[in-house]
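Residue 4 is where the sequence shown starts when you use the working numbering, and the numbers rise one by one after that.
To keep things clear, I will list the structure first and then write my remarks on it.
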Amino acid sequence: MSEALKRLQQTLQKQREEKPVLKDLFDTFEPLWTARIQEQQRLEALFAEQGLSLPPRNEKLASDGVSLLAVTDLAWLWPHVAECCRHFLPVFAANPRLLPGQEAVAAFFARDWDASFRQDFLRAVIDADTDGLVRLSGLEGMDAASLALAGEFSLSAVLRALTVNLVSTEDEEKNHWPLWSQGNCPVCGRLPVMDWLGKGYEDKNNPFLVTGGGRKFLHCGLCGADWRFRRAICPACGADKKGCMETFYASTNQAEHVSWCSECKKYCVGLNLRAISPVPDMDVMAFAMMPLDMLAAERELTPMCSTPWNQF
């Protein structure tokens with residue numbers, strides 16, 4: 004079993020114990036998370052064999068705040084996205100409530116769309132433009148949420164296979180995007196689904212000294228990339244007025260929190276890794292902090308990144 008699958012299972016086991024009220028939801032999504040990791044690993048091997056990768060980073064564009072995929076042709080990703088969707092369909096079929104109108108979704112991804120359509124559709128997935136996805140599909144009987152979910156997980160597996168080396172959950176908290184200062188993802192351009200505060204780590208020159216820790220990273224729920232970000236700035240609106248970023252915590256777990264902006268009233272859930280070992284699966288944790296999403300909704304806050312589970 005791969006380390007990613009072990010991390011997934013360990014995180015789910017712990018979260019089921021800590022949050023039994025969410026057990027049925029964990030059981031529902033576990034096969035889908037598992038399938039995404041398996042698809043990602045299959046594609047990692049395929050892309051390595053075929054020499055496929057993301058375009059090289061352009062330092063000028065990065066310093067100007069332009070995400071990598073904002074100026075990239077996406078159409079070449081389509082065959083891989085469509086194949087991932089075909090592999091996901093049996094998982095969806097095992098729980099029909101996840102994907103109503105599955106036949107229409109399957110027919111959509113089986114069609115041979117032209118390059119222009121593929122570009123527009125995948126851009127709409129990245130932008131989480133559900134209405135645009137359905138308008139583009141033009142298929143009768145298409146359920147908007149189903150098309151969005153299938154497109155999201157399928158494109159996510161592909162992008163994660165391309166960004167696998169850009170995930171910063173190691174103790175040394177490597178910053179893969181030193182020129183990036185934006186709140187949106189440097190790879191795909193999405194706003195973060197969660198933030199996390201890094202662990203401390205041993206000084207290489209003095210094994211008895213623990214340094215660092217508490218650095219803030221943002222995590223993209225679509226491509227899986229992580230990037231360092233200043234704690235006092237709002238990722239959504241860029242407000243940097245003193246005290247604009249506020250925090251409240253889960254009543255039963257001080258390692259979980261909500262970071263929210265008093266200017267734009269947007270928030271994202273977060274995790275303090277200094278209080279957690281081993282490092283969990285970040286995507287499961289974003290889902291597992293649903294109770295905090297509910298508290299944020301009660302305070303009339305809006306998520307920075309909309310997901311199927313944080314819309315109340």
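From the three backbone atoms N, C-alpha and C, an ideal C-beta is built for every residue, glycine too.
So what's T172 in DSSP terms, helix, strand or just coil? Summary for T172: the model assigns pLDDT 47, below 50, so the residue's position carries little reliability; its value from the coordinates is reported in the next sentence. Three-state DSSP puts T172 in coil, outside helix and strand.
What is the residue span of the beta strand (DSSP E) that K245 lies within? The continuous stretches of beta strand (DSSP E) do not include K245, and DSSP gives it neither H nor E.
Are the beta-carbon atoms of A153 and F220 separated by less than 9 Å? In this structure, A153 keeps its C-beta atom at 9 Å or more from the C-beta atom of F220.
Using the Cβ count rule (16 or more neighbours within 10 Å means buried), how would you classify F315? That one is exposed.
Of the residues D296, L200, N61 and F290, the one placed nearest T320, counting alpha carbons only: The question about residue 320 has no answer, for the chain in this structure spans 4 to 315.
For G135, which residues from the same chain have a beta carbon less than 6 Å from its beta carbon, with the 5 sequence-adjacent residues on both sides left out? Same-chain partners within the cutoff: A127.
Measure the beta-carbon distance from D198 to C308 and round it to whole angstroms, keeping in mind my assumption that it falls under 8 Å. The beta-carbon distance between D198 and C308, rounded to whole angstroms, is 11 Å. This is too long to meet the 8 Å contact definition.
Note the first and the last residue of the continuous alpha helix (DSSP H) segment covering L152. In the DSSP annotation of this structure, the continuous segment of the alpha helix (DSSP H) that includes L152 starts and ends at A147 to L165.
With DSSP collapsed to three states, give me the class of E251. Reading off the sequence shown, one finds Phe at residue 251, where the question assumed Glu. Strand, per DSSP.
Would G54 be called buried (16 or more neighbouring beta carbons within 10 Å of its own) or exposed? Classified as exposed, G54 has fewer than 16 neighbouring CB atoms from the shown chains inside 10 Å of its CB.
What separation, rounded to the nearest whole angstrom, lies between the Cα atoms of R121 and L276? The alpha-carbon of R121 is positioned some 38 Å away from that of L276.
Please go through the same chain and pick out, in chain order, the residues whose beta-carbon is closer than 6 Å to the beta-carbon of A160, but skip the five residues on each side of it. Excluding residues within five positions, the ones whose Cβ falls inside 6 Å are R39, E42, Q43 and C87.
Whole angstroms are fine: how far does the CA of A107 sit from the CA of L101? Roughly 14 Å separates the two Cα atoms.
Considering Cα atoms alone, identify which of L139, D115, R114 and P82 is closest to F124. Just measuring C-alpha positions, the residue of L139, D115, R114 and P82 sitting nearest F124 is L139.
Would W263 and M248 qualify as a contact pair, given that the criterion is a beta-carbon distance under 9 Å? Against a cut-off of 9 Å, the Cβ pair of M248 and W263 comes out as a contact.
Residues near Q105 by beta carbon distance below 8 Å, same chain, minus five either side: The beta carbon of Q105 sits closer than 8 Å to the beta carbons of L92, F95, A96, P99 and S149 from its chain, once the five residues preceding and following it are set aside; these are given in chain order.
By DSSP, does L92 sit in helix, in strand, or in coil? Three-state DSSP puts L92 in a helix.
Reference P283; option with closest CA among M4, T14 and F251: Among M4, T14 and F251, the Cα nearest to that of P283 belongs to T14.
What would DSSP say about G104, mapped onto helix, strand or coil? Coil, per DSSP.
Quick check: the Cα distance between R60 and S70, rounded to an integer number of angstroms? For R60 and S70, the distance between alpha carbons rounds to 9 Å.
Where does K202 fall in DSSP's three states? K202: coil per DSSP, three-state reduction.
Taking all protein chains shown into account, decide if D229 is buried (16 or more other Cβ within 10 angstroms of its Cβ) or exposed. It counts as buried.
Less than 6 Å between C-beta atoms, sequence neighbours within five positions excluded: which residues of the same chain meet that for D296? So the qualifying residues of the chain are N313.
Might you give, ordered along the chain, the residues of its own chain that have their beta carbon closer than 8 Å to the beta carbon of N209, omitting 5 neighbours on each side? With a pLDDT of 44 at N209, under the threshold of 50, the modelled position of this residue cannot be trusted; read the value that follows with caution. So no residue of the chain qualifies.
Would you decide whether Q257 is buried or exposed? Buried here means 16 or more other CB atoms lie within 10 Å of its CB. Q257 is exposed by the Cβ-count criterion.
Around the C-beta of T172, are 16 or more other C-beta atoms found within 10 angstroms, so that it is buried, or is it exposed? Low confidence applies here, because T172 scores a pLDDT of 47, under 50, leaving its location unreliable; read the following figure in that light. Counting Cβ neighbours within 10 Å, T172 comes out buried, since at least 16 surround it.
Distance between T255 and W183 (C-alpha atoms, nearest Å): Each residue's alpha carbon lies about 35 Å from the other.
Candidates F29, D76, S265 and F50, of which the one nearest L304 by Cα: Considering only alpha carbons, the answer is S265.
Is the separation between the beta-carbon of M293 and that of L28 shorter than 9 Å? Contact: yes.
With 16 as the cutoff for other CB atoms within 10 Å, does W79 come out buried or exposed? By the 10 Å Cβ count, W79 comes out exposed.
Within 9 Å, strictly: CB atoms of F112 and S56: Using a Cβ distance threshold of 9 Å, F112 and S56 do not count as a contacting pair.
If the criterion is Cβ atoms closer than 9 Å, does the pair T166 and G227 meet it? For the 9 Å CB-CB criterion, T166 and G227 form a contact.
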